[in-house]
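What follows is a short report on a single structure.
Residue numbers (my numbering), protein chains in the order written: chain C, 4 to 117; chain Y, 22 to 133.
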């Protein structure tokens, strides 16, 4: 099973709202990722968690706040977003050892900021 | 110059044709090479990955890596309308294995 699940599928939020995106995997993977993807562009890496610790932050604005409560779950907390933050937000996971390049993606959350 | 170059297409071919998708790269440290398929409004799906140079075959799909030319390819034999999607190449180095560098993606349509 190579399934990564994400909720919600769609999210519309105003610029003053606070919302969270959720990601879950049960493959025993120890690395989890958040990506942002704009239309007709490749995914852009935002954050990487390895063994529940933040290992990479690609200079993402503080209005995006990641959290890894345990090895199966990954959250992305959103606050005071801008319309240009509208995009498909993808979660991915990979084995924590030796095969971190082999990343499996979830279906994404399509976020619209109004 | 981008680290990974991929022709965005679009590429349109008739059903049953052999499709060739390609990427070039500039970073000689890349050792892992992946191909992802992404259907419209879905997440990318890992199709194949290859370490270093050589060929890898999986059903109708063949991935080739030529490190001397810094060139990778994905061939799709007996293409089907269900193969219509955007194909993304991705690569990473040993030290930076978690950071995939993606090509722009090639939009492929297989016409019945």
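From the three backbone atoms N, C-alpha and C, an ideal C-beta is built for every residue, glycine too. Note that the structure is predicted; figures quoted are calculated from it, not measured.
Query raised in the report: Hey, how far is the Cα of residue 142(Y) from the Cα of residue 112(Y)?
Result: One cannot answer for residue 142(Y) here, as it falls past the ends of chain Y, which runs 22 to 133.
Query raised in the report: Quick one: Cα of residue 26(Y) to Cα of residue 47(C), how far?
Result: By one-based count along the second chain, residue 26(Y) stands at place 5. By one-based count along the first chain, residue 47(C) stands at place 44. Roughly 15 Å between the two C-alpha positions.
Requested in this report: Answer yes or no: does any C-beta atom of chain C fall closer than 8 Å to that of residue 61(Y)?
Outcome: Within the second chain, the letter at position 40 stands for residue 61(Y). For residue 61(Y), the nearest beta carbon of chain C is not closer than 8 Å to its own beta carbon.
Report task. Spell out a yes or no on whether the stretch 88 to 97 of chain C and the stretch 25 to 36 of chain C are touching, meaning 3 or more CB-CB pairs, one atom from each, closer than 8 Å. Result -> Short answer: they touch.
Report task. Say whether chain Y places a C-beta atom closer than 8 Å to the C-beta of residue 107(C). Result -> Position 104 of the first chain, counted from the start, is the residue given in the question as residue 107(C). For residue 107(C), the nearest beta carbon of chain Y is closer than 8 Å to its own beta carbon.
Query raised in the report: Which residue or residues does DSSP assign as beta-bridge partners of residue 7(C)?
Result: The count along the first chain starts at 1 and reaches residue 7(C) at position 4. In DSSP, residue 7(C) forms a bridge with 28(C).
**Report entry** Contact the stretch 56 to 71 of chain Y vs the stretch 102 to 111 of chain Y: 3+ CB pairs below 8 Å
**Finding:** Yes, the stretch 56 to 71 of chain Y is in contact with the stretch 102 to 111 of chain Y.
Query raised in the report: For residue 67(Y), which residues from the same chain have a beta carbon less than 7 Å from its beta carbon, with the 5 sequence-adjacent residues on both sides left out?
Result: To locate residue 67(Y), count along the second chain from 1; it is residue 46. 55 and 57, listed in sequence order.
Report task. Report back the beta-carbon spacing between residue 28(C) and residue 51(C) to the nearest angstrom; my notes put them in contact at under 8 Å. Result -> Your numbering for residue 28(C) matches position 25 in the first chain. Your numbering for residue 51(C) matches position 48 in the first chain. At roughly 14 Å, the Cβ-Cβ gap does not stay under 8 Å, so residue 28(C) and residue 51(C) are not in contact.
Query raised in the report: Comparing the C-beta of residue 55(Y) with each C-beta of chain C, is any distance below 8 Å?
Result: What you label residue 55(Y) is simply residue 34 of the second chain in a count that begins at 1. Yes - at least one Cβ of chain C is within 8 Å of the one on residue 55(Y).
Query - Under 8 Å between C-beta atoms of residue 128(Y) and residue 64(Y) - result: Within the second chain, the letter at position 107 stands for residue 128(Y). Within the second chain, the letter at position 43 stands for residue 64(Y). Result no, Cβ atoms of residue 128(Y) and residue 64(Y) do not sit closer than 8 Å.
Report task. From the DSSP output, in three-state form, read off residue 88(C) for me. Result -> As a first step, residue 88(C) must be located in the first chain, where it is residue number 85. In this structure, residue 88(C) counts as helix in the three-state DSSP scheme.
Query raised in the report: Quick one, which residues of the stretch 30 to 51 of chain C are near chain Y if we go by CB-CB under 7 Å, in chain order?
Result: Within the stretch 30 to 51 of chain C, the qualifying residues are 34, 45, 46, 48 and 51.
Query raised in the report: Which term fits residue 86(Y), buried or exposed, when burial requires 16 or more other beta carbons within 10 angstroms of its beta carbon?
Result: Residue numbering aside, residue 86(Y) sits at position 65 when the second chain is read from its first letter. Result: buried.
Query - Unbroken beta strand (DSSP E) run spanning residue 106(Y), endpoints - result: Within the second chain, the letter at position 85 stands for residue 106(Y). Where residue 106(Y) is concerned, the enclosing beta strand (DSSP E) stretches over 106 to 114.
Query raised in the report: Which residues mark the beginning and the end of the beta strand (DSSP E) in which residue 40(Y) is found?
Result: As a working note, residue 40(Y) is residue 19 in the second chain. 40 to 46 is the span of the beta strand (DSSP E), which, as asked, contains residue 40(Y).
Query raised in the report: Who are the neighbours of residue 92(C) on chain Y, taking C-beta pairs under 8 Å?
Result: One-based indexing of the first chain puts residue 92(C) at position 89. The CB of residue 92(C) never comes closer than 8 Å to any CB in chain Y; the least such distance is about 10 Å.
**Report entry** Local conformation of residue 1(C) per DSSP, three classes
**Finding:** Outside the displayed range of chain C (4 to 117) lies residue 1(C), so it cannot be described from this structure.
Query raised in the report: Would a check of beta-carbon distances place residue 106(Y) closer than 8 Å to chain C?
Result: Position 85 of the second chain, counting from 1, holds the residue named residue 106(Y). No, its Cβ sits nowhere closer than 8 Å to a Cβ of chain C.
Requested in this report: Tell whether a beta-carbon distance below 8 Å holds between residue 84(C) and residue 116(C).
Outcome: Position 81 of the first chain, counting from 1, holds the residue named residue 84(C). Position 113 of the first chain, counting from 1, holds the residue named residue 116(C). Yes, Cβ-Cβ distance for residue 84(C) and residue 116(C) is below 8 Å.
Query raised in the report: Between the stretch 64 to 78 of chain Y and chain C, which residues of the former have CB atoms less than 9 Å from a CB of the latter, in chain order?
Result: Listed in chain order, the positions of the stretch 64 to 78 of chain Y with a beta carbon within less than 9 Å of a beta carbon of chain C are 64, 65, 66, 67, 70 and 72.
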